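To start, the structure under review is shown below, and the notes come after it.
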Amino acid sequence: MTEVEELPVEQRARRPLLERVAVLANPVVLAVLVLDAVLLAWVELMFLPLRVWDFWPEVPPVYNWPLPVTILVAAVTTPWLVLAAARCTSRMILVALPFLAWLGAVIVFGVAGPGGDVLLTDDWRSLVLLSVGSLAGAAALGTRLTLPQPR
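In structure tokens:
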């Protein structure tokens, strides 16, 4: 039973509206965080092959280096999604949902991309994206144990 069902009817009606909305909003916020994780994984994969030439076409071919800015995006957003989910619920599996959705989306979109394209290339950028995003998400899951529990 939830906390709302345990209260008598007259006390349920007296609960502040904001408190009742907050109980209903947590699953919605968690679903939005999972959707955000999938969309971020897709964007990170799409911009992973970015090179200097894409921003500055006049650069000589010698200086056309890879520019994997999405690795920094993964390093920042993956822990943020996990910590935001930790504010919504105290169950560890639900806190891990955005991280698991990100990891699953990177693997699925990377190996079986749109139109049969393989977005995870066979160079160092794919390995660094997977490792940085995974380590950042795992570190955030570990720090979740030290956060105060939501009520």
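Sequence positions in the sequence shown follow my numbering and run 715 to 865. Think of the CB as a built atom: it goes at the ideal place given N, C-alpha and C, for glycine as much as any other residue. This one's a predicted model, so the numbers in the text were calculated from it and none came from an experiment.
DSSP bridge partner residues for P774 (one or two, in chain order): Answer is none; P774 lacks a bridge partner.
Assigned exposure category for G847 - 16 Cβ within 10 Å defines buried: buried
Within 9 Å, strictly: CB atoms of L764 and L747: no
Through-space distance from L843 to P797, alpha-carbon basis: Per the sequence shown, residue 797 should be read as Leu rather than Pro. So the alpha carbons of these two residues sit roughly 20 Å apart.
Contact between the stretch 748–759 and the stretch 812–831 (3+ Cβ pairs under 8 Å): yes
Reduced DSSP secondary structure (H/G/I, E/B, other) of R765: Per DSSP, reduced to three states, the secondary structure at R765 is strand.
Contact check, S845 vs L762, beta carbons under 9 Å: no
Of the residues N778, P793, N740, the one placed nearest W767, counting alpha carbons only: Selected option, being the one with the closest Cα: N778.
Contact set for F813: own chain, Cβ-Cβ below 6 Å, skip 5 residues either direction: V796, G851
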